[in-house]
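First residue of the sequence shown: 115, per our numbering; consecutive thereafter. Below is one structure, written out as structure tokens; comments come after it.
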Amino acid sequence: MPKKPHLVKPDCFNDVQEIADRFCSGEVVAVDLVGCEHELVRRVIDFSSGVCYTGGGALRKAGHRRYLLLPPGNVNDPDGGPDNSPWDPDEGPDEDPDRSPLGPGGPPPVASAAVELPVADWIFTDAVSTTEVT
């Protein structure tokens, strides 16, 4: 029976040492970044990715802001390889991929089309001030 992953909920970047130590000792590490600030999330993911790369393991997404660090040859890895599913460390708690204007849940293309503005209505200014150029 596989051993339960060691859970780490970092409060600051210094907590990544525990992630690396557990991973290097051969343990599966579950990292829960829910509630962490965006900058900490990016730094922990970058660090964890480097630890996995140098240790020959894999970093897998396990949910929203939840990740697994799998040491090489770990039996908890169902397909034995890296996760090829798309994920984004910039993903925020309030972001919904279906709300993109280009996605299926976005507005119809007509609603997001640009409206033509006749050249006669353009106002030209110089690059430094708001003085109108005639």
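Yeah, the Cβ is synthetic: ideal placement off N, Cα and C, and Gly gets one too. What you are looking at is a predicted structure, and each value in this text was computed from that prediction instead of being measured.
At which residues does the alpha helix (DSSP H) containing residue i begin and terminate?
i: Arg136; result: 130-138
Quick check on DSSP: helix, strand or coil for residue i?
i: Asp249; result: In the structure displayed, the chain extends from 115 to 248; residue 249 sits before or after that span and is not available.
i: Leu154; result: helix
i: Gly170; result: coil
For residue i, report the span of its beta strand (DSSP E) as first-last.
i: Leu121; result: 120-122
i: Asp146; result: 143-146
i: Arg180; result: 180-184
At the level of alpha carbons, what is the spacing between residue i and residue j?
i: His120; j: Glu151; result: 22 angstroms
i: Arg157; j: Gly187; result: 26 angstroms
i: Ser163; j: Leu184; result: 11 angstroms
i: Val165; j: Tyr181; result: 13 angstroms
i: Asp129; j: Lys117; result: 22 angstroms
i: Ile159; j: Glu141; result: 18 angstroms
i: Glu153; j: Phe127; result: 10 angstroms
i: Asn198; j: Phe161; result: Confidence is the limiting factor: at Asn198 the pLDDT is only 43, short of 50, which leaves the residue's position unreliable and the question unanswerable from this model.
i: Gln131; j: Tyr167; result: 16 angstroms
Just to confirm, is the Cβ distance from residue i to residue j under 8 angstroms?
i: Arg179; j: Val155; result: yes
i: Gly177; j: Phe137; result: no
i: Ile133; j: Val148; result: no
For the segment 168-175 and the segment 120-129, state whether three or more C-beta atom pairs, one from each stretch, are separated by less than 8 angstroms. Contact fails: fewer than three Cβ-Cβ distances are below 8 angstroms.
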